[in-house]
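For the record, the sequence lines run as chains A and B.
Quick note on numbering: the working numbering labels position 89 of the first sequence as 76, and the sequence is numbered without any gaps.
Quick note on numbering: the working numbering labels position 90 of the second sequence as 77, and the sequence is numbered without any gaps.
Backbone N, C-alpha and C define an ideal beta-carbon position, used for all residues, glycine too.
Encoded as structure tokens, the structure appears first; notes follow it.
There are 2 protein chains.
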Amino acid sequence: MTSSSAHQLRERGLQVTAQRLAVLRAVAGRPHCTAEEVTEAVRGEIGVISRQAVYDSLNLLVQKGLLRRIQPAGSSALYEDRVNDNHHHVICRRCGQTADIDCAVGAAPCLNASSDSGFRIDEAEVIYWGVCPGCLGQP
Amino acid sequence: MTSSSAHQLRERGLQVTAQRLAVLRAVAGRPHCTAEEVTEAVRGEIGVISRQAVYDSLNLLVQKGLLRRIQPAGSSALYEDRVNDNHHHVICRRCGQTADIDCAVGAAPCLNASSDSGFRIDEAEVIYWGVCPGCLGQP
DNA sequence: AGCCAATTCTTGACACAGTCAATAATCGGA
DNA sequence: TCCGATTATTGACTGTGTCAAGAATTGGCT
Chain A
-12 MTSSSAHQLR ERGLQVTAQR LAVLRAVAGR PHCTAEEVTE AVRGEIGVIS RQAVYDSLNL
48 LVQKGLLRRI QPAGSSALYE DRVNDNHHHV ICRRCGQTAD IDCAVGAAPC LNASSDSGFR
108 IDEAEVIYWG VCPGCLGQP
Chain B
-12 MTSSSAHQLR ERGLQVTAQR LAVLRAVAGR PHCTAEEVTE AVRGEIGVIS RQAVYDSLNL
48 LVQKGLLRRI QPAGSSALYE DRVNDNHHHV ICRRCGQTAD IDCAVGAAPC LNASSDSGFR
108 IDEAEVIYWG VCPGCLGQP
């Protein structure tokens, strides 16, 4: 687990540091977590880490394809480690809870825009908004 | 034009003020503009307006369905006045330019998530990411 | 027209997420 | 083990947006 993370880092030309491993583990352990939650988790695990190191690691890991970032309207950025499958997200309008939703049809159903205005499109990001089961119960 | 905006405001139980009309006109005249751009536009039109009044107006108008807000990752919120048609957006990864994209198939093609995790979904927000024609020319 | 209560605007302080820049510590290859 | 390059820490800072109190405006009413 840890060693494979280390391997993934090295493979991409990155140094292996305690901070980066802990960030990876924190995100793996709690999907859709914020930078602050990562910070707290990492602090609980390796003692101290600076805010900057968390942001640096997260940005780097997103850039290198080890993590994925989602930035829903009205909340701070969330991170997850499901990077190789095509899935989207549902967010509860009331409590903000975020869940994964697998793509409905095939691999990238929404990538076919009718008129693309000349853009070269490489990604379709879909966020579903609604109300989660928990909040549905208490109106 | 102006009188119909005034009518729309009254219809929703809102008072008609110079600030709100100017905000509406600013957004109508420049699609996908930020709060700051609205502020500048309004200042050019009616002299002065406080930042707070701009935010209040925008939030209220979004809430009342006269404007639509989009909040792409990595940029501040954008506002537009196309509220009655179902369309999405393409954003250029390089320059941030935003354009409208009409829905590919029917009215709401992406609203059918396969497993909705028990959420009651009411909206599917789609953002396409890519590179705009202008930026494609200069790699 | 003029008045009054409710709504709206202004002003200024504030909160939060994220970034910048300089210095210190760590990693990993020789 | 040592050294250069990469990474972490620290602290200041920016931008976007919100909160709260008082002043101004709106629009219904007489």
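Below-9 Å beta-carbon distance, residue i vs any chain B residue
i	result
P120/A	yes
A86/A	yes
V14/A	no
G83/A	no
C20/A	no
G117/A	yes
A64/A	yes
D109/A	yes
R80/A	yes
Chain A within 9 Å of residue i, Cβ atoms only
i	result
A94/B	Because the pLDDT at A94/B is just 41, under 50, the model does not fix this residue reliably, and the point stays unresolved.
S104/B	yes
V113/B	yes
T(-11)/B	Here the model assigns T(-11)/B a pLDDT of 47, short of 50, so the residue's position is not dependable, and the following value carries that caveat. It does not: the Cβ of T(-11)/B has no partner Cβ on chain A nearer than 9 Å.
E23/B	no
V77/B	yes
Beta-carbon proximity of residue i to residue j, cut-off 9 Å
i	j	result
D109/A	G117/B	yes
P59/A	H74/A	no
V70/B	L47/B	no
A111/A	I114/B	yes
V29/A	A13/A	yes
L11/B	D72/B	no
E32/A	A9/A	yes
P18/A	D89/A	no
R(-1)/B	K51/B	yes
Per DSSP, cross-strand counterpart(s) of residue i
i	result
T26/B	In DSSP, T26/B forms no bridge with anything.
I78/A	T85/A and W116/A
R55/A	E67/A
A111/B	Y115/A
C20/B	Y66/B
Check: residue i C-beta below 8 Å from any heavy atom of the ligand ZN
i	result
G16/A	As far as ligands go, the structure on display features none, and thus does not contain the ligand ZN.
### Task
Please list the residues of the region 36 to 58 of chain A that have a C-beta atom closer than 9 Å to any C-beta atom in chain B, keeping them in chain order.
R56, I57 and Q58
### Task
Check whether the region 72 to 81 of chain A touches the region 37 to 44 of chain A, counting contact only when three or more Cβ pairs, one atom from each stretch, lie closer than 8 Å.
no
### Query
Touch check for the region 57 to 76 of chain A and the region 17 to 31 of chain A: three-plus C-beta pairs under 8 Å?
yes
### Message
Tell me which residues of the region -9 to 9 of chain A have at least one Cβ-Cβ distance to chain B shorter than 8 Å, keeping chain order.
### Response
none
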